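Following: one structure in structure tokens, then a few remarks.
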Amino acid sequence: MIKKYYLLSPGPTPVPENVLAAAAEPIIHHRTPEFSKIFMDTTEGLKTVFGTKEDVFILTSSGTGAMEAAVVNLCSPGDKVITINGGKFGERWGNICKAYGVQNREIVLEWGKDFSKEALAAELEAHPGTKVVFCQLSETSTGAIFDIRGYGEVVSRTDAVFVVDGISGSGATPCPMDEWKVDVLLSGSQKSFMIPPGLAYIALGPKAWKLVDTAKCPRFYFDAKKAKKNLADKTTPWTPAISLIIQQKKALDIILAMGLEKLYAHHRLLGDATRAGVKALGLELLAERPGDILTAVKTPAGLEGGKIVKTMQGKYMAYIAGAQDPHKGKFFRIAHLGYMGGFDIITALTALEMTLADLGHAFEAGASVKAAEPILRGSWQ
Ligand SMILES: *Cc1c(COP(=O)(O)O)cnc(C)c1O
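Heads up: the sequence shown at position 8 corresponds to 7 in numbering that gives the first Met the number 0, and the numbers run straight through without jumps.
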């Protein structure tokens, strides 16, 4: 076979061809009216996806940079915060807090388990003086999504600031920042925003800006005040990743031409088809509340998850993702975020079936595609 590469992972994700080509355009200088126009159009597009009137700052870093920016701009060493740890990325909130001496009360969930807004309300009541609540919209390590609207209601009744890591979720599933009372929303470029890795986005609401004034964590590169001052001049404090911003503008043109409602419906459809496909093989989902961003599937008894991923990647070049530590091998993840179409789901399911057959697992051949196809065909627009 010709070695054809199928990127089916929850980040990085495939990039549309015209967006890829934009990276080859000549570099223009960033302190020019020409670039300022592209930069401001891009921040406007990001505001629409974020569902906010607030400024969205474009940071040159991977998504974790925006997570760190949230911590250092809002917190002081010794502050009490709550982090919801439902997987690898929720755990990262805790690790960043520790690095800065912020006292996080970590709510550790079993991977894939949900956490209710009532439970969050009880935590906040039991721990008065909580300055910030940090969580994920989509916990990409498990495929679970959380009740951000519900959490927003609960946290807005307290003095705490509500921070949501929307990396992977934002742009694939609804999370209107202002309407859902999210005080800080952040995201990254290589998941649902359809461009390569390298940019992160963050927006802060009025309640968050009040904390920025008092926060004492050391900060320089990610200082939100510097970003705000420079954005007023239509620029960034530091040299931005010019080509990536040009690419993001082009990808936002695609996203906004389609419209957010249609984009979310598209991802819902891909999620429905994927879930139906794997269930038809007798496989189980990991997440109690699965999102439409990716689907984490439990490894069937008698098989090794690592072998499934290795075979899919090594033999079929279908790059799904495995499970991260400490659950390596126990499940695998099929992505349907970003620039993915209906046939990408068929590719993933077929590659999965061929892999299961290679590994000697018994199932009804063709069942996954048979289940997914009518779902995709019925709503294909
Ligand atoms: C990918 C991801 C991150 C980390 O982003 P990097 O770009 O790898 O720094 C953080 N949170 C979530 C939910 C993610 O999906």
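The beta carbon of each residue, even a glycine, is placed where N, CA and C say it ideally should be.
If you're wondering where the values come from, they're calculated on a predicted model, not measured in any experiment.
Closer than 7 Å: residue i CB and nearest ligand 1 heavy atom
i    : result
F88  : yes
T172 : no
T294 : no
S191 : no
T63  : yes
S8   : no
S137 : yes
M66  : yes
S167 : yes
P196 : yes
G341 : no
D164 : yes
G142 : no
G100 : no
G187 : yes
Inter-residue Cα distance where the pair is residue i and residue j
i    : j    : result
R148 : Y263 : 16 Å
I57  : E67  : 14 Å
D54  : P11  : 25 Å
F49  : V211 : 20 Å
L7   : C216 : 38 Å
A347 : P173 : 25 Å
Y4   : A317 : 7 Å
A159 : E178 : 17 Å
E105 : S75  : 17 Å
T42  : F192 : 13 Å
K130 : A121 : 15 Å
E152 : K116 : 8 Å
A231 : G62  : 23 Å
T141 : L282 : 15 Å
L358 : E352 : 10 Å
V132 : T234 : 30 Å
R376 : L251 : 26 Å
K224 : Q247 : 23 Å
D271 : A371 : 8 Å
G44  : A295 : 30 Å
F221 : P289 : 33 Å
T310 : T349 : 13 Å
N94  : I83  : 12 Å
A366 : L280 : 6 Å
A364 : K112 : 31 Å
The beta strand (DSSP E) enclosing residue i, as first and last residue numbers
i    : result
Y200 : L198 to L203
R104 : Q102 to V107
V14  : No beta strand (DSSP E) holds V14; DSSP gives it neither H nor E.
I83  : K79 to N84
G187 : V183 to G187
Span of the alpha helix (DSSP H), counted from its first residue to its last, around residue i
i    : result
C96  : K87 to A98
G313 : G304 to G313
L269 : L259 to A279
I37  : P32 to F49
S367 : A366 to S378
F342 : G341 to D357
L73  : G62 to L73
L230 : A223 to A231
K190 : Here K190 belongs to no alpha helix (DSSP H), and DSSP marks it neither H nor E.
K116 : K116 to A125
Identity of the residues DSSP links to residue i by a beta bridge
i    : result
C216 : None; C216 has no bridge partner.
P289 : A143
K297 : F330
F161 : V132
E138 : A143
F56  : I201
Y420 : In the structure as shown, the chain begins at 0 and stops at 380. Residue 420 is therefore absent and cannot be evaluated.
T172 : S169
L336 : Its beta-bridge partners do not exist; DSSP assigns none.
L284 : V296
Integer-rounded CB distance, given that residue j should sit under 8 Å from residue i
i    : j    : result
T354 : I292 : Going by Cβ atoms, the distance from T354 to I292 rounds to 22 Å, so no, they are not a contact pair.
R218 : N72  : 6 Å
G204 : S186 : Wrong, their Cβ atoms sit about 15 Å apart, outside the cutoff.
H108 : G85  : Per the sequence shown, the amino acid found at residue 108 is Leu instead of His. At roughly 4 Å, the Cβ-Cβ gap stays under 8 Å, so L108 and G85 are in contact.
T51  : A202 : 5 Å
F145 : V154 : Not a contact, Cβ separation roughly 12 Å.
T47  : L255 : 6 Å
A199 : G337 : About 16 Å separates the two Cβ atoms, so there is no contact after all.
is_contact[residue i, chain B] using C-beta, thresh 8 Å
i   : result
G93 : In summary, chain B is missing from the structure at hand, where a single protein chain is found.
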